[in-house]
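In my numbering, the protein residues as written are 879 to 1113.
These notes concern the structure reproduced below.
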Amino acid sequence: MTRPERFRQFLAYFLDNYPEPRTELAYRNPYELIVAVVLSAQCTDKRVNQVMPALLAQFPTAAELGAASAEDIFPFIRSVSYPNNKAKHLAGLGRLLLSEFGGEVPSTIEELQRLPGVGRKTANVVVSVIYNQPAMAVDTHVFRVSHRLGLVPKTATTPLAVEKALVKYTPQELIPKAHHWLILHGRYICVARTPKCSACPLTGFCAYYEKIAANPAIASVATPKLGAKRTKPTQ
879 MTRPERFRQF
889 LAYFLDNYPE
899 PRTELAYRNP
909 YELIVAVVLS
919 AQCTDKRVNQ
929 VMPALLAQFP
939 TAAELGAASA
949 EDIFPFIRSV
959 SYPNNKAKHL
969 AGLGRLLLSE
979 FGGEVPSTIE
989 ELQRLPGVGR
999 KTANVVVSVI
1009 YNQPAMAVDT
1019 HVFRVSHRLG
1029 LVPKTATTPL
1039 AVEKALVKYT
1049 PQELIPKAHH
1059 WLILHGRYIC
1069 VARTPKCSAC
1079 PLTGFCAYYE
1089 KIAANPAIAS
1099 VATPKLGAKR
1109 TKPTQ
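This is the structure:
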């Protein structure tokens, strides 16, 4: 099966069965989303949603966040991954939002990446979710699932390479949705250690399933992973 054919079946399935996907991060405005996405690096959305209410009650806008120190922020996010780094990022993010952007979250990837703790992945999430721009954020779920399904070539070994490969065959208007489809499928079905192939509706065009159906012994072969072990979060 060719790569364009896999894309057509992937898009057709989700358009029919999950036409309006949404992020599982709870937010009400662009400020709350960017804070949540910074906190979500190498952390579950569920955990982030648990800490956000108290954090936002104390720092409801960029002005309050920018006036705070990392030490002020840390107690509210101590249960997320890498809280020390993220507290520093949020303090700096609040200050730069005020000094450079009038307290508003910018709408371009280039401007967003100027903010502390915001890399290309985080910037892509924000412009995709808030501004509905055709940006494909590649996290570990997107990286893993796109390789397993055969949507990207084996040579796509970096997040940027995967991003470019996915965007190539995805209509622009569907890129924000496809991002969520890949994440949610990786979170609940195509999980890292033992994908739930018996419950997966995509096996008819999945490259990984084709291989294990022909030779179950290769199921234990590692799927390409996004980077090596890290000591701090990557946005």
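The beta carbon of each residue, even a glycine, is placed where N, CA and C say it ideally should be.
In this structure, Leu903 sits away from Ala919, with a CB-CB distance that is not shorter than 7 Å. Each residue's CA atom was taken as its position, placing Tyr1009 and Glu1051 some 12 Å apart.
With a threshold of 16 other beta carbon atoms within 10 Å, Gly1082 falls short and is exposed.
Counted as a single uninterrupted DSSP element, the alpha helix (DSSP H) harbouring Ser1006 occupies residues 998-1007. Look at Gly972 here: in three-state DSSP terms it is helix.
Taken in chain order, the complete alpha helix (DSSP H) segments of 4 or more residues contained in the segment 897-968 are 908-917, 923-936, 940-944, 948-955. By the C-beta density criterion, Lys1055 is buried, having at least 16 other C-beta atoms within 10 angstroms.
Boundaries of the alpha helix (DSSP H) harbouring Asp894: 881-895, taken from the DSSP string.
Secondary structure note for Lys1074: it is in no alpha helix (DSSP H), with a DSSP letter that is neither H nor E. The C-alpha of Ala1077 lies about 20 Å from the C-alpha of Pro897. Within the same chain, Val1030, Val1040, Leu1044, Leu1060 come within 7 Å of Ser1024 by CB-CB distance, once the 5 residues on both sides are set aside.
Between Leu1027 and Phe888 a beta carbon distance of about 6 Å is seen, short of the 8 Å cut, so the two are scored as contacting. Under the three-state reduction of DSSP output, Ser977 falls in the helix class. Rounded to whole angstroms, the separation of the alpha carbons of Phe979 and Leu971 is 11 Å.
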